[in-house]
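Peer 1:
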Amino acid sequence: MRRYSQVSRHVGAYSDLPFWKKAAPLELVYVAYGLLVVALVVASYILGAANLLPHSPQEMDLQLLMAPPATAGHVLGTDFVGRDILSRLIVGIQAYFLPGLLAIGIALTLGTFLGVVAGYRGGRIEVPITYVANLIDSFPRLVLILLMVAAFKPDIYYIMVVVGLTNVPVVLSLIKGKIQFLKEKNFIEAAIAIGLKSRVIILKHILWYNCRTVLIIQATLGMAEAILVETSLSYLGFGVQEPTPSWGNMVQAGANYLMQGKFWPSTAPALAILITIMGFHLLGDGLNNILEGKRSK
Amino acid sequence: MRGVPILEIEDLRTYFFAKGKQAFIRAVDGVNLRINRGETLGLVGESGSGKSITALSIIGLITAEPGVISGRIGFQTDGIETNLLQDLGDYVHLKGKDGRVMEVHKDCTGWEKQVERLMGDIRGREISVIFQNPRSSLNPFIPIGKQITEAILLNSLIKNHHKAKERALYWLEQVKIDSPRLRFDSYPYGLSGGMCQRAMIAMALASEPSLLIADEPTTGLDATIQSKIVDLLQELKSTFTVTTMLISHDIEVIKRLSDSAAVMYGGTLMEYGPARDILFVDLESKHPYTAALLASIPSEKHIKEKAYLQAIEGDVLDTINTPEGCRFYARCNRVTEGVREKCQYHEPDLREISPGHCVRCWLYFD
Amino acid sequence: MGKTILEVVNLKKHFLQPRGLFSALRGQERIIPAVDEVNFYLKEHETLGLVGESGSGKTTVGKTILRLTPATSGRILFAGKDITDLSARDFRPLRKEMQMIFQDLDAALNPKMRIRAILKEAISVHQDINGSQVDRKIGELLEQVNLKETKLTNFPHELSGGEKRRVGIARALAVGARFLVADEPTSALDVSIQAQVVNLFKDLQKNLGLSYLFISHDLRIVELVSHKVAVMYLGRIVEMGLANRIAEAPRHPYTHILWSSLVDKESREASGTSSEGKSADWGVFDFERPYRGCRFAPRCPVYHARGRPEICINPSTEPQLKDIGEVHKVACHFPL
Numbered sequence: 030m031r032r033y034s035q036v037s038r039h040v041g042a043y044s045d046l047p048f049w050k051k052a053a054p055l056e057l058v059y060v061a062y063g064l065l066v067v068a069l070v071v072a073s074y075i076l077g078a079a080n081l082l083p084h085s086p087q088e089m090d091l092q093l094l095m096a097p098p099a100t101a102g103h104v105l106g107t108d109f110v111g112r113d114i115l116s117r118l119i120v121g122i123q124a125y126f127l128p129g130l131l132a133i134g135i136a137l138t139l140g141t142f143l144g145v146v147a148g149y150r151g152g153r154i155e156v157p158i159t160y161v162a163n164l165i166d167s168f169p170r171l172v173l174i175l176l177m178v179a180a181f182k183p184d185i186y187y188i189m190v191v192v193g194l195t196n197v198p199v200v201l202s203l204i205k206g207k208i209q210f211l212k213e214k215n216f217i218e219a220a221i222a223i224g225l226k227s228r229v230i231i232l233k234h235i236l237w238y239n240c241r242t243v244l245i246i247q248a249t250l251g252m253a254e255a256i257l258v259e260t261s262l263s264y265l266g267f268g269v270q271e272p273t274p275s276w277g278n279m280v281q282a283g284a285n286y287l288m289q290g291k292f293w294p295s296t297a298p299a300l301a302i303l304i305t306i307m308g309f310h311l312l313g314d315g316l317n318n319i320l321e322g323k324r325s326k
Numbered sequence: 154m155r156g157v158p159i160l161e162i163e164d165l166r167t168y169f170f171a172k173g174k175q176a177f178i179r180a181v182d183g184v185n186l187r188i189n190r191g192e193t194l195g196l197v198g199e200s201g202s203g204k205s206i207t208a209l210s211i212i213g214l215i216t217a218e219p220g221v222i223s224g225r226i227g228f229q230t231d232g233i234e235t236n237l238l239q240d241l242g243d244y245v246h247l248k249g250k251d252g253r254v255m256e257v258h259k260d261c262t263g264w265e266k267q268v269e270r271l272m273g274d275i276r277g278r279e280i281s282v283i284f285q286n287p288r289s290s291l292n293p294f295i296p297i298g299k300q301i302t303e304a305i306l307l308n309s310l311i312k313n314h315h316k317a318k319e320r321a322l323y324w325l326e327q328v329k330i331d332s333p334r335l336r337f338d339s340y341p342y343g344l345s346g347g348m349c350q351r352a353m354i355a356m357a358l359a360s361e362p363s364l365l366i367a368d369e370p371t372t373g374l375d376a377t378i379q380s381k382i383v384d385l386l387q388e389l390k391s392t393f394t395v396t397t398m399l400i401s402h403d404i405e406v407i408k409r410l411s412d413s414a415a416v417m418y419g420g421t422l423m424e425y426g427p428a429r430d431i432l433f434v435d436l437e438s439k440h441p442y443t444a445a446l447l448a449s450i451p452s453e454k455h456i457k458e459k460a461y462l463q464a465i466e467g468d469v470l471d472t473i474n475t476p477e478g479c480r481f482y483a484r485c486n487r488v489t490e491g492v493r494e495k496c497q498y499h500e501p502d503l504r505e506i507s508p509g510h511c512v513r514c515w516l517y518f519d
Numbered sequence: 635m636g637k638t639i640l641e642v643v644n645l646k647k648h649f650l651q652p653r654g655l656f657s658a659l660r661g662q663e664r665i666i667p668a669v670d671e672v673n674f675y676l677k678e679h680e681t682l683g684l685v686g687e688s689g690s691g692k693t694t695v696g697k698t699i700l701r702l703t704p705a706t707s708g709r710i711l712f713a714g715k716d717i718t719d720l721s722a723r724d725f726r727p728l729r730k731e732m733q734m735i736f737q738d739l740d741a742a743l744n745p746k747m748r749i750r751a752i753l754k755e756a757i758s759v760h761q762d763i764n765g766s767q768v769d770r771k772i773g774e775l776l777e778q779v780n781l782k783e784t785k786l787t788n789f790p791h792e793l794s795g796g797e798k799r800r801v802g803i804a805r806a807l808a809v810g811a812r813f814l815v816a817d818e819p820t821s822a823l824d825v826s827i828q829a830q831v832v833n834l835f836k837d838l839q840k841n842l843g844l845s846y847l848f849i850s851h852d853l854r855i856v857e858l859v860s861h862k863v864a865v866m867y868l869g870r871i872v873e874m875g876l877a878n879r880i881a882e883a884p885r886h887p888y889t890h891i892l893w894s895s896l897v898d899k900e901s902r903e904a905s906g907t908s909s910e911g912k913s914a915d916w917g918v919f920d921f922e923r924p925y926r927g928c929r930f931a932p933r934c935p936v937y938h939a940r941g942r943p944e945i946c947i948n949p950s951t952e953p954q955l956k957d958i959g960e961v962h963k964v965a966c967h968f969p970l
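Each protein sequence line maps, in turn, to chains A, B and C.
Each residue of the first sequence is one higher than the one before, starting from 30 at the first, in our numbering.
Each residue of the second sequence is one higher than the one before, starting from 154 at the first, in our numbering.
Each residue of the third sequence is one higher than the one before, starting from 635 at the first, in our numbering.
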């Protein structure tokens with residue numbers, strides 16, 4: 030019979046470890062990676078906006094066509110007309126960053142608002158909202174976008190509005206579900222009993238305390254999607270046009286040179302896309318598992 | 154063949170590892186019990202005392218969480234004795250530093266397989282369990298008659314479906330469900346809490362177990378129904394002599410049904426012995442905790458005078474930070490100066506103060 | 635004695651249970667009369683105990699009085715003022731005087747808020763109050779409910795059952811309530827903690843002059859704490875009177891059965907009941923079965939003993955609450 034004992038019996042009341050020590054290490058790696066990516070994106074956006082670039086993205090150095098990475102002054106090399114790839118990548122972020130925020134903004138605000146209305150009031154309002162949400166959800170997104178592009182001008186902001194709208198159903202049903210679940214809990218009744226106004230109850234008790242993690246996660250996933258949409262469109266030629274760089278059109282332009290064995294001009298932006306989207310996805314996933322996963326006491 | 158021990162628990166310890174606090178939650182911290190054939194043992198305790206975990210440890214329902222179960226549970230049936238905790242320790246590895254446990258790795262599949270090996274034949278057949286909240290213990294999608302029939306086919310020697318059904322009906326009658334033939338086809342949601350509990354009892358007894366473990370069978374039911382279930386258990390006890398381990402925080406229930414009683418606090422036994430010595434209101438000859446518990450129940454006198462009740466000050470013990478001395482010291486109102494130092498720093502052992510009656514208290518060590 | 639703080643007149647609360655997909659449209663919903671014509675009054679500094687089994691409607695009465703669910707009809711008067719139809723905005727300032735202690739310990743506190751935040755919110759709902767005053771008030775509250783200061787930084791799931799109950803009480807006091815609806819305050823608690831909570835209720839009534847509507851199915855505790863007791867069955871009050879009278883000499887058959895079925899053998903033997911009513915359980919409270927007349931008739935031993943008199947099940951002669959002695963009312967044609 031073994032005896033299990035501890036030297037220090039007085040562990041200290043409720044000395045809970047902070048959540049980063051409690052979480053599975055893999056999730057922490059995901060989150061760390063994701064945060065790194067976010068930091069890089071934001072930093073690059075700022076650099077690009079302030080025009081603090083190693084080289085001008087348009088400047089062509091015809092002596093140095095398709096130079097490999099780490100050639101004189103060009104960290105990531107040059108493309109097929111001698112433009113610095115790193116600078117182009119940095120500026121390429123401009124193409125999706127703000128529009129992405131627009132898409133997220135629309136999805137979250139509209140989705141939360143409708144979710145709250147449908148969930149809290151229930152009854153007759155809930156049915157039509159859910160119906161319309163399901164309708165929107167069932168449309169293939171890219172088709173809608175292409176329709177948009179065909180009907181109106183191919184402006185990335187219009188496109189992001191559509192992306193945002195098509196994401197509303199997801200946010201809506203998440204928030205609605207949370208609210209319906211929480212409504213049954215007595216602490217909402219208690220909050221009403223002590224005299225809080227409905228508005229305060231919804232904003233504070235439901236959204237802030239209970240929904241914020243979900244919303245943050247949706248934001249990360251939304252950005253990942255925005256990047257995907259924007260790069261896909263510019264790859265297809267519908268988005269940002271040459272010579273303004275966008276990761277998508279960089280891939281497209283470089284593709285012509287693949288046959289010649291010069292894959293770097295196309296691969297560099299493709300890698301950037303991969304790394305960035307993966308970063309946002311892993312951030313969302315990691316946060317989801319850490320914050321929303323089963324908590325142990 | 155009374156007097157033969159059916160269940161013998163030696164130094165049972167069930168600890169759960171709280172990763173967040175890097176410490177063991179010592180749910181059951183050294184319990185020794187014995188139940189003889191035909192006897193009903195009442196395990197009394199409040200929440201946090203470890204009584205439910207004791208029951209779960211016996212029937213092997215403690216699986217996935219990191220933690221350890223040590224000790225020996227000897228279960229005797231048909232002359233064969235099995236240790237229900239055999240070799241379970243092999244599936245757990247501890248990582249310690251400076252004598253303090255930092256991590257616990259449990260081979261869950263191995264553990265579960267071993268539990269299956271030990272308990273597979275016994276659970277349901279020789280040891281039956283009734284839980285609190287009968288409605289959630291029954292399958293909501295299957296009528297109760299069918300569930301009982303299924304249990305009979307699985308756990309007893311009857312293999313003929315028709316005979317099993319008859320047996321199920323017989324047991325439904327024994328538990329005094331009204332219109333048993335009608336209720337045979339009812340679903341749990343159509344039955345009241347009391348009827349669901351009767352169905353559970355029928356299911357548990359239908360396999361004619363050597364030991365019945367009843368974990369809070371009356372908690373959660375309405376007051377009138379509680380007393381009816383206790384009546385039923387009393388009747389079944391005299392008709393069928395079922396050896397029972399009855400767990401409850403309701404002292405009235407334990408009083409009416411138990412032959413011997415054990416009082417748990419903070420994961421270990423405070424007092425143990427014949428029920429009539431322990432539970433009836435002679436406050437002098439028992440453990441201060443038992444006495445205080447009995448005193449805090451509203452009596453006729455309290456009610457008539459609308460007096461204040463005698464509460465026990467403080468809160469139930471935190472099972473991570475178990476104190477050095479007696480676990481009840483912080484809330485005990487019978488500490489004298491003579492024993493104060495002993496109570497504070499040294500935990501007393503169980504000491505026999507009269508035949509079969511043991512108490513864990515320095516006041517009784519002269 | 636004191637003034638009447640609460641008066642409930644002909645209170646009804648019906649729940650609609652839809653019967654099918656289009657039932658709402660066709661108006662064929664089943665009505666469940668959870669609370670059906672309940673009348674009582676409560677005087678200041680007193681406790682009215684509301685007893686009954688599950689399904690009797692006692693929790694619904696409590697929630698309806700506090701307007702957590704709208705009454706179907708009837709009047710609720712608080713301190714003389716009719717609050718039944720007040721708009722939400724007009725009613726909100728009155729909410730602070732009347733609070734509820736919820737039955738479910740875990741669900742009544744926001745699991746993501748620390749105790750300090752919960753109390754602070756309650757304090758600042760109805761009054762503007764600044765930093766140091768909040769701390770002082772929180773200290774006062776903790777002392778009143780006997781809760782340790784170290785618990786302020788904990789979350790609800792880190793507290794024991796008794797402590798959670800006390801936080802609920804502290805929150806009600808923080809708002810400034812003088813009338814509490816206590817919904818099963820001692821169930822789900824251990825016996826020794828129950829005693830603590832009961833003592834706390836008594837202390838608060840003595841020191842702060844609170845009035846309680848004490849809802850419980852634990853007869854002994856209700857008897858101990860209440861001045862008057864009302865017994866409910868399937869939505870109606872069947873007997874109401876002084877606590878001691880109801881326990882010692884109940885006049886309604888249901889009340890008699892309730893008290894005599896206490897698990898403790900001594901009190902059963904003392905009240906001289908035989909266990910002949912050993913027939914099966916009472917079954918689900920079935921609002922579906924149409925009852926006519928007295929709701930208790932199908933299970934009433936007196937009804938059966940008297941050869942099922944017609945008067946008991948005739949809908950037009952449904953027994954009403956009648957005075958049968960000082961402050962004692964019974965709704966029965968053949969009171970014991």
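Here a beta-carbon is modelled for each residue, glycine too, at the ideal position from N, C-alpha and C.
Quick caveat: nothing in here was measured; it's all calculated off a predicted structure.
Scan the stretch 728 to 743 of chain C for residues whose Cβ lies nearer than 7 Å to a Cβ of chain A and list them as they occur along the chain.
Peer 2: R729, K730, Q733, M734, F736, D738, A741, A742 and L743
Peer 1: So, C:E873 versus C:R854, is the Cβ gap smaller than 8 Å?
Peer 2: If you number the third sequence from 1, residue 873 of chain C lands on position 239. If you number the third sequence from 1, residue 854 of chain C lands on position 220. No. Outside cutoff.
Peer 1: So which of C:Q778, C:L876 and C:A808 has the shortest CA-CA distance to C:K836?
Peer 2: In the third sequence, counting from the first residue as 1, residue 836 of chain C sits at position 202. Closest by alpha carbon: C:Q778.
Peer 1: What span of residues does the beta strand (DSSP E) with B:M549 cover, start to end?
Peer 2: Nothing about residue 549 of chain B can be read from this structure; chain B reaches only from 154 to 519.
Peer 1: Cβ closer than 8 Å: which chain C residues qualify as neighbours of B:D338?
Peer 2: By one-based count along the second sequence, residue 338 of chain B stands at place 185. Ordered by position in chain C, no residue passes the 8 Å Cβ test against B:D338, which lies about 16 Å from the chain.
Peer 1: Please confirm whether B:V328 and B:R351 have their CB atoms less than 8 Å apart.
Peer 2: On the second sequence, position 175 is the one that residue 328 of chain B refers to. On the second sequence, position 198 is the one that residue 351 of chain B refers to. Judged by beta-carbon spacing, B:R351 lies within the 8 Å limit of B:V328, meaning their Cβ atoms are closer than that value.
Peer 1: Can you find the residues in the same chain that come closer than 7 Å, C-beta to C-beta, to C:H679, ignoring five residues on each side of it along the sequence?
Peer 2: Taking the third sequence and counting its residues from 1, the one referred to as residue 679 of chain C is at position 45. The residues are G636, Q839, G843 and S845.
Peer 1: Does DSSP classify B:E163 as helix, strand or coil?
Peer 2: Start at 1 with the first residue of the second sequence, and residue 163 of chain B comes out as number 10. In this structure, B:E163 counts as strand in the three-state DSSP scheme.
Peer 1: What is the DSSP secondary structure of A:A299, reduced to helix, strand or coil?
Peer 2: Stepping through the first sequence from its first residue, residue 299 of chain A is reached at position 270. DSSP places A:A299 in helix when its eight states are reduced to three.
Peer 1: Does the beta-carbon distance from C:V825 to B:E199 come in below 8 Å?
Peer 2: Position 191 of the third sequence holds residue 825 of chain C. Position 46 of the second sequence holds residue 199 of chain B. Yes.
Peer 1: Could you list which residues in chain B have their beta carbon closer than 9 Å to that of C:G795, in chain order?
Peer 2: Taking the first residue of the third sequence as position 1, residue 795 of chain C is located at position 161. Neighbours of C:G795 on chain B, chain order: S200 and V469.
Peer 1: Nearest chain B C-beta to C:S908 closer than 8 Å, yes or no?
Peer 2: Your numbering for residue 908 of chain C matches position 274 in the third sequence. In this predicted model, C:S908 has a pLDDT of only 40, less than 50, meaning its place in the structure is not dependable; the value taken from the coordinates is given anyway. Chain B contact via Cβ: absent.
Peer 1: In angstroms, rounded to a whole number, what distance separates the CA positions of A:G77 and C:N788?
Peer 2: Here residue 77 of chain A refers to the residue found at position 48 of the first sequence. Here residue 788 of chain C refers to the residue found at position 154 of the third sequence. Distance between the alpha carbons of A:G77 and C:N788 is about 46 Å.
Peer 1: Check the Cβ-Cβ distances between B:F169 and every residue of chain C, and say whether any is below 8 Å.
Peer 2: Your numbering for residue 169 of chain B matches position 16 in the second sequence. Judged by the 8 Å Cβ criterion, B:F169 is not in contact with chain C.
Peer 1: Closest to B:E405 by C-alpha separation, out of B:D164, B:G224, B:A180 and B:L196, would be which residue?
Peer 2: If you number the second sequence from 1, residue 405 of chain B lands on position 252. The shortest Cα separation from B:E405 among B:D164, B:G224, B:A180 and B:L196 belongs to B:L196.
Peer 1: Could you tell me which residues DSSP pairs with A:S263 in its beta bridges?
Peer 2: The residue you call residue 263 of chain A lines up with position 234 of the first sequence. DSSP, once it has assigned bridges, lists no residue as partnering A:S263.
Peer 1: Indicate whether A:I135 and A:V190 have their beta-carbon atoms separated by less than 8 Å.
Peer 2: Your numbering for residue 135 of chain A matches position 106 in the first sequence. Your numbering for residue 190 of chain A matches position 161 in the first sequence. Contact: yes.
Peer 1: Looking at chain B, which residues of the stretch 816 to 847 of chain C have a Cβ within less than 7 Å of any of its Cβ atoms?
Peer 2: Only D824, V825, S826, A829, Q830, V832, N833 and K836 from the stretch 816 to 847 of chain C bring a Cβ to less than 7 Å from some Cβ of chain B.
Peer 1: Are the CB atoms of C:R926 and C:P949 within a distance shorter than 8 Å?
Peer 2: Translated into positions along the third sequence, residue 949 of chain C becomes position 315. Translated into positions along the third sequence, residue 926 of chain C becomes position 292. Yes, the Cβ-Cβ distance between C:P949 and C:R926 is below 8 Å.
Peer 1: Can you tell which of A:I174, A:A284 and A:K182 has the C-alpha that lies nearest to the C-alpha of A:N196?
Peer 2: Position 167 of the first sequence, counted from the start, is the residue given in the question as residue 196 of chain A. Answer by Cα proximity: A:I174.
Peer 1: Starting from C:V825, follow the alpha helix (DSSP H) in both directions and report where the run begins and ends.
Peer 2: The residue you call residue 825 of chain C lines up with position 191 of the third sequence. V825 to L842 is the extent of the alpha helix (DSSP H) around C:V825.
Peer 1: Specify the secondary structure class of C:A668 as computed by DSSP and reduced to three states.
Peer 2: In the third sequence, residue 668 of chain C corresponds to position 34, counting from 1. Three-state result, C:A668: strand.
Peer 1: Within the continuous alpha helix (DSSP H) that includes C:L868, where are the two ends?
Peer 2: Taking the first residue of the third sequence as position 1, residue 868 of chain C is located at position 234. It is not in any alpha helix (DSSP H) - C:L868 carries neither H nor E in the DSSP assignment.
Peer 1: Where C:E952 and C:G683 are concerned, what is the direct C-alpha to C-alpha distance, given to the nearest angstrom?
Peer 2: Position 318 of the third sequence, counting from 1, holds the residue named residue 952 of chain C. Position 49 of the third sequence, counting from 1, holds the residue named residue 683 of chain C. Straight-line Cα distance between these residues: approximately 24 Å.
Peer 1: Counting only Cβ-Cβ distances shorter than 7 Å, please list the residues of the stretch 747 to 762 of chain C near chain A, keeping chain order.
Peer 2: M747, A756, V759 and H760
Peer 1: Could you pull the start and end residues of the beta strand (DSSP E) that B:E424 belongs to?
Peer 2: As a position in the second sequence, residue 424 of chain B is number 271, starting the count at 1. Counting along the chain, the beta strand (DSSP E) containing B:E424 begins and ends at T421 to P427.
Peer 1: Once DSSP output is grouped into helix, strand and coil, what is the label at C:S894?
Peer 2: Working through the third sequence from its first residue, we reach residue 894 of chain C at position 260. The DSSP-derived three-state label of C:S894 is helix.
Peer 1: Mind pulling the chain A residues with CB within less than 9 Å of C:R726?
Peer 2: As a working mapping, residue 726 of chain C is identified with position 92 in the third sequence. Within 9 Å Cβ-Cβ: G224, L225 and K226.
Peer 1: Beta-carbon of C:S913 versus every beta-carbon of chain B: anything under 8 Å?
Peer 2: By one-based count along the third sequence, residue 913 of chain C stands at place 279. Its pLDDT being 36, under 50, C:S913 is placed unreliably in this model, and the value from its coordinates should be taken loosely. For C:S913, the answer is yes, since a Cβ of chain B falls inside 8 Å of its Cβ.
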